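Engineer: My questions will all concern the structure given below.
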Amino acid sequence: MVGDEINDSPALVVADVGMAIGAGTDIAIEAANIVLMKSNLEDVVTAIDLSRKTMSRVRLNYVWALGYTILGMPVATRVLFPFSGIRSPLWLAGACMAASSLSVVCSYLLLSSYKKPLHI
277 MVGDEINDSP
287 ALVVADVGMA
297 IGAGTDIAIE
307 AANIVLMKSN
317 LEDVVTAIDL
327 SRKTMSRVRL
337 NYVWALGYTI
347 LGMPVATRVL
357 FPFSGIRSPL
367 WLAGACMAAS
377 SLSVVCSYLL
387 LSSYKKPLHI
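With positions in the sequence shown counted from 1, the corresponding number in this note's numbering is that position plus 276.
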């Protein structure tokens, strides 16, 4: 729901996602989940597109974290030692955890290069 007046406030509250125009009333801005700073309807399309790309990135990071955990936990806990005879140093588990966190942060930083959709 997109609105900017007092009469839009109840609908903005009950909507799944409420967007208010920045030049709208204070009540509408308070009731909205997203506030568009300019009175430009193209920004609605941009906000929807950016939210879809963000959720896509969230799903990708969940898959990455799950795969990383499935592969990394046996190595970090030395479960594979009886089978392989290789001991991994404990500091390696900490370094891998830091690398995993860094990869997630870098993944989200890619969103800073977001470009608006060309056609609406």
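The C-beta atom is built at its ideal place from N, Cα and C for all residues, glycine as well. Bear in mind the structure is a predicted one, so any value in this text is a computation, not a measurement.
What did DSSP end up calling Met-295 once you bin it into helix, strand or coil?
Structural biologist: Reading the sequence shown from its first residue, position 19 is the one you call residue 295. Correct three-state label for Met-295: strand.
Engineer: Just checking my contact of Leu-312 with Gly-298 at CB under 8 Å: how many whole Å lie between their CB atoms?
Structural biologist: Here the question's residue 312 lines up with position 36 in the sequence shown. Here the question's residue 298 lines up with position 22 in the sequence shown. Confirmed, Cβ separation roughly 6 Å.
Engineer: Check each candidate in Asp-292, Ala-307, Val-290 and name the one with the smallest Cα separation from Ile-282.
Structural biologist: Translated into positions along the sequence shown, residue 282 becomes position 6. That would be Ala-307, whose Cα lies nearest to the Cα of Ile-282.
Engineer: Residues in the same chain with beta-carbon distance under 7 Å from Ile-303, minus the five sequence neighbours each way, listed in chain order, please.
Structural biologist: If you number the sequence shown from 1, residue 303 lands on position 27. Excluding sequence neighbours, Ile-303 sits near Ile-282, Ser-285.
Engineer: Output the distance between the C-alpha atoms of Asp-319 and Tyr-384, rounded to the nearest integer angstrom.
Structural biologist: Position 43 of the sequence shown, counted from the start, is the residue given in the question as residue 319. Position 108 of the sequence shown, counted from the start, is the residue given in the question as residue 384. Answer to the nearest angstrom: the Cα atoms are 21 Å apart.
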